[in-house]
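The number in the working numbering is simply the position in the sequence shown, starting from 1, with 2 added.
To start, the structure under review is shown below, and the notes come after it.
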Amino acid sequence: MCAIDDVRWEIVVRREAAGFLYAVTTMGIYCKPGCPSPVPKRVNVRFFADVAAAEASGFRACKRCDPKGERLAIALAVVRDACAYIEAEPAIPSLDRLAARSGYSKFHFLRLFREHTGLTPRSYAEGVRARRLQAALRGGARVVDAVAQAGFGSESRVYEDTGKLLGMTPGALRRGGAGETIRTALADCPFGRLLVGATQAGVCFLGFAEPDDALLGDLRARFPKAVIEADDAALTETVRVIVGFMKEPKGALDLPLDLRGTAFQVRVWETLRRIPPGETRTYGALAKMVGNPAAIRAVARSCATNPVSLAVPCHRVVGADGDLTGYRWGVPRKAALLRAEQTAAAKERGS
3 MCAIDDVRWE IVVRREAAGF LYAVTTMGIY CKPGCPSPVP KRVNVRFFAD
53 VAAAEASGFR ACKRCDPKGE RLAIALAVVR DACAYIEAEP AIPSLDRLAA
103 RSGYSKFHFL RLFREHTGLT PRSYAEGVRA RRLQAALRGG ARVVDAVAQA
153 GFGSESRVYE DTGKLLGMTP GALRRGGAGE TIRTALADCP FGRLLVGATQ
203 AGVCFLGFAE PDDALLGDLR ARFPKAVIEA DDAALTETVR VIVGFMKEPK
253 GALDLPLDLR GTAFQVRVWE TLRRIPPGET RTYGALAKMV GNPAAIRAVA
303 RSCATNPVSL AVPCHRVVGA DGDLTGYRWG VPRKAALLRA EQTAAAKERG
353 S
């Protein structure tokens, strides 16, 4: 047995993901490492680089781990179709109707949908309805009209669940920052330009690595009716702390924040702040920390809409395989931030 096969066998035993396939000669099938089937005897195992090689040797694909991805492709098509249907419907479609459309039983369809979205169809539909409501209110629609456009039966439903849906009252969201003044400061930082925006309550926006106009445009889109006022003097210390963190991230970036989002988003953002510098968590682990292990997709969306980068460290979240995945300010900057944090953490441990 060659050394590389020794390594592959250990991966199979640990059921880890890897870029090869193994076949079981007594069963005539080939599997992905991590297959939930019982671990075979080593003497009955052969290794292959890809599907073509395994099938050329006469093995067929395992139906449990789906190494060819055929069942996964079908499942994803079903879920995408259901999501598109939910998005297009003015009211929340019933589970019966969605299952019938998919061609699966209610139980099977529900399992597929939860497995690939982290949500039940109803929770997904409620999220769609909440986004419609947010968009209508931000567009200046009257609350009663926004409620009707979003598909809610009455205003009372919205006000009863306002924290869950919006994180603030419909009137406050509709005002889009009207009556508020947001002080801003622009500065140079290790990644180009930096913009900080703050209300009386704390920092409400932190963006970087884009031209000044783009950063200010992002801030105005979030607070379309607020007075945006340059005030470098008032934010001098805040900017100094942020730039210092970007140069050498010793410890957490602790700033007073004004976080505005749905109750779920705010819970995710607050949980992100508990990840120590120099460490990472997967989206799945973060979902567990939030208290909703199935809500991996919703957690990822909350990370993507984080308005205060660095202070809410969404750069510390990685894919299940350790991949850096996406980042609002660019994956290379995410990698640089993590390297700097890990270096600083190692220095602290060694001191």
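Glycine included, every Cβ here is placed at the ideal spot set by N, Cα and C.
Under 8 Å between C-beta atoms of residue i and residue j
i    : j    : result
A79  : L100 : no
R103 : Y126 : no
T284 : G321 : yes
L288 : V301 : yes
A63  : I31  : yes
R185 : E231 : yes
G36  : R66  : no
V229 : T183 : yes
V198 : A187 : yes
L208 : V245 : no
W331 : F247 : no
A19  : D325 : no
L259 : V310 : yes
V1   : T282 : What is shown of the chain runs 3 to 353, which leaves residue 1 out entirely.
L257 : V243 : yes
R335 : F193 : yes
Residue i burial status per 10 Å Cβ neighbour count (16 or more: buried)
i    : result
Q202 : exposed
S96  : exposed
I6   : exposed
L74  : exposed
F109 : exposed
N46  : exposed
S59  : exposed
V26  : buried
K34  : buried
K43  : exposed
E162 : Unreliable positioning characterises E162 in this predicted model, as indicated by a pLDDT of 48, which lies under 50. The coordinate reading is nonetheless provided below. E162 should be labelled exposed.
R262 : buried
S304 : buried
G129 : buried
A223 : exposed
V9   : exposed
A337 : exposed
P69  : buried
V14  : buried
Among the options, the one whose alpha carbon lies nearest that of residue i
i    : options                   : result
Y344 : F109, H317, G105 and C64  : Note that residue 344 is Gln in the sequence shown here, rather than Tyr. Of the candidates F109, H317, G105 and C64, the one whose C-alpha sits nearest the C-alpha of Q344 is H317.
L114 : R82, D234 and N46         : R82
V53  : D260, P40, G71 and E12    : G71
K349 : E18, P251 and L188        : P251
L23  : A51, V314 and L261        : A51
T28  : A20, R335, V205 and V41   : V41
A296 : T122, G246 and T307       : T122
W271 : G293, M291, V314 and I244 : V314
H118 : R299, C305 and V333       : R299
P279 : M291, T307, A347 and L237 : A347
L340 : R116, G286 and I277       : I277
R131 : A90, D220 and L112        : A90
A200 : I13, G253, E212 and L218  : L218
I234 : D8, L255, K227 and D190   : It is Asp, not Ile, that sits at residue 234 in the sequence shown. For the residues D8, L255, K227 and D190, the minimum Cα distance to D234 belongs to D190.
P92  : L255, W11 and R133        : R133
D220 : N308, T273 and L237       : N308
A306 : Y106, L274 and A337       : L274
DSSP state of residue i mapped onto helix, strand, coil
i    : result
F1   : Any property of residue 1 remains undetermined from this structure, which presents the chain solely from 3 to 353.
S96  : coil
I31  : strand
A55  : helix
S104 : helix
S311 : strand
E157 : Bear in mind that the predicted position of E157 carries a pLDDT of just 48, short of 50, making it unreliable; the figure below should be weighed with that in mind. Correct three-state label for E157: helix.
G169 : Low confidence applies here, because G169 scores a pLDDT of 48, under 50, leaving its location unreliable and the question unanswered by this model.
F61  : coil
F50  : strand
L135 : helix
L257 : coil
V15  : helix
L121 : coil
V26  : strand
A20  : coil
V81  : helix
D68  : coil
V9   : helix
Runs of alpha helix (DSSP H) wholly within the segment 173-250 (minimum 4 residues, chain order) | 214-224 and 238-249
Which runs of the alpha helix (DSSP H) spanning at least 4 residues fall entirely within the segment 268-351, listed in chain order?
-> 285-292 and 298-306
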